[in-house]
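Just so you know, our numbering puts 119 at position 119 of the sequence shown, and the rest follows in order with no gaps.
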Amino acid sequence: MPGVPHGPPGPSAAREGHGPRTALATCSGPAYRAPVRIRQQRPGRVRVPVVVQGRGRRARARAARVLWGTAEAAVTFGVVVLLLVVHQLWWTNRQARAGAERAVHSLARQWSEEGNARGGGDPAREEEEENGRGEGEGKREGEGKGGREGNQREGERERGRDVARPSGTAYAVIRIPRLRLTAPVAEGITARGVLDQGYVGHYPGTALPGRPGNVALAGHRNTHGEPFRHINRLRRGDDIRIETRDAVYVYEVDRQLARTSPRDIGVIRPVPRSLTVPGAGYREPGSYLTLTTCTPEFSSAYRLIVWGKLVSTHRVR
1 MPGVPHGPPG PSAAREGHGP RTALATCSGP AYRAPVRIRQ QRPGRVRVPV VVQGRGRRAR
61 ARAARVLWGT AEAAVTFGVV VLLLVVHQLW WTNRQARAGA ERAVHSLARQ WSEEGNARGG
121 GDPAREEEEE NGRGEGEGKR EGEGKGGREG NQREGERERG RDVARPSGTA YAVIRIPRLR
181 LTAPVAEGIT ARGVLDQGYV GHYPGTALPG RPGNVALAGH RNTHGEPFRH INRLRRGDDI
241 RIETRDAVYV YEVDRQLART SPRDIGVIRP VPRSLTVPGA GYREPGSYLT LTTCTPEFSS
301 AYRLIVWGKL VSTHRVR
């Protein structure tokens with residue numbers, strides 16, 4: 001149309017309001033929306049929201065310290081337990097076996113010296129003593145009851161000397177060939193003074209080796225030398241030898257009681273017979289040997305019993 005300028009409006013027209021407007025409605029279509037300008041931020045200046053939690057950090061630090069302390073305590077406890085096990089299963093055995101071996105050698109040396117001293121005496125006196133013993137035996141044979149009473153008094157004197165032996169004193173050696181066991185036998189059954197030394201303990205009040213009645217012995221099954229650890233492997237007919245200064249007494253394994261109460265004192269009586277297990281033991285007097293130890297292994301809940309009978313005596317001096 002005449003008078004209407006063609007082409008895009010100039011800057012002046014825009015300033016005067018003749019340019020396109022961004023929010024005007026038209027009758028022929030939807031409203032026109034001007035593009036939204038997004039302001040771009042420069043690289044390196046992006047703002048990231050940071051939430052500072054001071055209390056949570058301190059709580060995590062405390063938890064870490066507690067966890068670390070618990071771990072250290074657990075490791076220390078484990079090391080202590082390990083050292084205790086090593087001490088009980090290795091060191092006590094090593095120490096007790098060495099002491100028991102020294103005791104056996106000491107007894108052998110003592111008996112040898114006493115035998116040499118006897119052998120080096122006056123031959124005339126020894127012959128006189130031998131003749132005196134022969135005359136005494138002849139008199140006892142002739143006197144009958146009087147001779148038996150003399151033997152009884154002599155036996156009582158010998159038993160008196162044996163009972164006077166102090167607790168913990170080794171006076172015999174036990175040998176079990178099947179188990180390859182050699183250990184000293186001492187008077188008493190106390191833990192610290194006898195059994196923990198690797199010794200086999202003799203129950204006070206029971207018969208002495210070679211005597212009528214019941215020779216009752218005790219020994220550890222685990223730790224402290226454990227001399228009786230494998231007595232459950234003994235079989236009927238196996239030999240058990242007890243050596244003293246004057247004789248070697250050979251007992252033969254007869255029977256075994258796999259488990260009984262620690263309070264079952266019937267197994268060490270002169271005629272051994274269990275008070276808790278019916279039918280276990282003997283009824284007739286004799287010369288018995290009883291070995292006692294704990295069972296099962298590493299426990300003292302029950303007692304394992306091995307019984308034997310005297311089959312021979314060998315005089316050595």
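Glycine included, each C-beta is placed from N, C-alpha and C at the ideal position. Bear in mind that the values here come from a model prediction, so they are computed numbers and not experimental data.
Measure the C-alpha to C-alpha separation of residue i and residue j and round it to an integer number of angstroms.
{"i": "residue 228", "j": "residue 113", "result": "30 angstroms"}
{"i": "residue 255", "j": "residue 67", "result": "58 angstroms"}
{"i": "residue 116", "j": "residue 295", "result": "44 angstroms"}
{"i": "residue 285", "j": "residue 79", "result": "54 angstroms"}
{"i": "residue 171", "j": "residue 245", "result": "8 angstroms"}
{"i": "residue 70", "j": "residue 104", "result": "50 angstroms"}
{"i": "residue 266", "j": "residue 288", "result": "13 angstroms"}
{"i": "residue 211", "j": "residue 76", "result": "54 angstroms"}
{"i": "residue 96", "j": "residue 272", "result": "30 angstroms"}
{"i": "residue 58", "j": "residue 81", "result": "35 angstroms"}
{"i": "residue 315", "j": "residue 173", "result": "15 angstroms"}
{"i": "residue 208", "j": "residue 270", "result": "11 angstroms"}
{"i": "residue 263", "j": "residue 64", "result": "53 angstroms"}
{"i": "residue 109", "j": "residue 278", "result": "45 angstroms"}
{"i": "residue 106", "j": "residue 281", "result": "36 angstroms"}
{"i": "residue 311", "j": "residue 192", "result": "33 angstroms"}
{"i": "residue 165", "j": "residue 111", "result": "16 angstroms"}
{"i": "residue 250", "j": "residue 283", "result": "22 angstroms"}
{"i": "residue 90", "j": "residue 74", "result": "24 angstroms"}
{"i": "residue 72", "j": "residue 62", "result": "15 angstroms"}
{"i": "residue 94", "j": "residue 60", "result": "50 angstroms"}
Let me confirm a value: residue i is counted as buried when at least 16 other C-beta atoms fall within 10 Å, else exposed. Which label applies?
{"i": "residue 308", "result": "buried"}
{"i": "residue 224", "result": "buried"}
{"i": "residue 276", "result": "exposed"}
{"i": "residue 220", "result": "buried"}
{"i": "residue 92", "result": "buried"}
{"i": "residue 274", "result": "buried"}
{"i": "residue 98", "result": "exposed"}
{"i": "residue 301", "result": "exposed"}
{"i": "residue 243", "result": "buried"}
{"i": "residue 186", "result": "buried"}
{"i": "residue 21", "result": "At residue 21, the pLDDT of 49 sits below 50, so the modelled position is not reliable and the matter cannot be decided from this model."}
{"i": "residue 131", "result": "Its pLDDT being 45, under 50, residue 131 is placed unreliably by the model, and nothing is read from it."}
For residue i, which residues of its own chain have a beta-carbon under 7 angstroms away from its beta-carbon, when the five flanking residues on both sides are left out?
{"i": "residue 306", "result": "231, 234, 253, 256, 291"}
{"i": "residue 297", "result": "221, 222"}
{"i": "residue 177", "result": "239"}
{"i": "residue 248", "result": "241, 314, 316"}
{"i": "residue 258", "result": "304"}
{"i": "residue 123", "result": "Low per-residue confidence applies at residue 123: pLDDT is 41, beneath 50, and the placement is therefore not dependable, though the value from the model is reported in the following sentence. Contacts found: none."}
{"i": "residue 237", "result": "252, 253"}
{"i": "residue 102", "result": "none"}
Leaving out five residues before and five after residue i in sequence, what residues of the same chain have Cβ atoms less than 8 angstroms from its Cβ?
{"i": "residue 100", "result": "183, 184, 197, 198, 199, 225, 227"}
{"i": "residue 268", "result": "203, 206, 214, 216, 290, 292"}
{"i": "residue 179", "result": "230, 231, 233, 234"}
{"i": "residue 188", "result": "167, 168, 194, 201, 202, 204"}
Using a beta-carbon distance below 9 angstroms, is residue i in contact with chain C?
{"i": "residue 229", "result": "Checking the listed chains, one finds no chain C in this structure; it contains a single protein chain."}
Please name the residue or residues paired with residue i in a DSSP beta bridge.
{"i": "residue 181", "result": "176"}
{"i": "residue 313", "result": "249"}
{"i": "residue 346", "result": "In the structure as shown, the chain begins at 1 and stops at 317. Residue 346 is therefore absent and cannot be evaluated."}
{"i": "residue 213", "result": "287"}
{"i": "residue 203", "result": "In DSSP, residue 203 forms no bridge with anything."}
{"i": "residue 171", "result": "Its beta-bridge partners do not exist; DSSP assigns none."}
{"i": "residue 187", "result": "202"}
{"i": "residue 281", "result": "273"}
{"i": "residue 243", "result": "173, 248"}
{"i": "residue 293", "result": "304"}
{"i": "residue 218", "result": "201, 292"}
{"i": "residue 260", "result": "303"}
Only counting the same chain, and skipping five residues up and downstream in sequence, which positions put a Cβ closer than 6 angstroms to that of residue i?
{"i": "residue 299", "result": "none"}
{"i": "residue 218", "result": "189, 201, 292"}
{"i": "residue 261", "result": "276"}
{"i": "residue 175", "result": "182, 241"}
{"i": "residue 303", "result": "260, 262, 292"}
If we require 3 or more residues per run, which beta strand (DSSP E) segments fall completely within the region 86–115?
none
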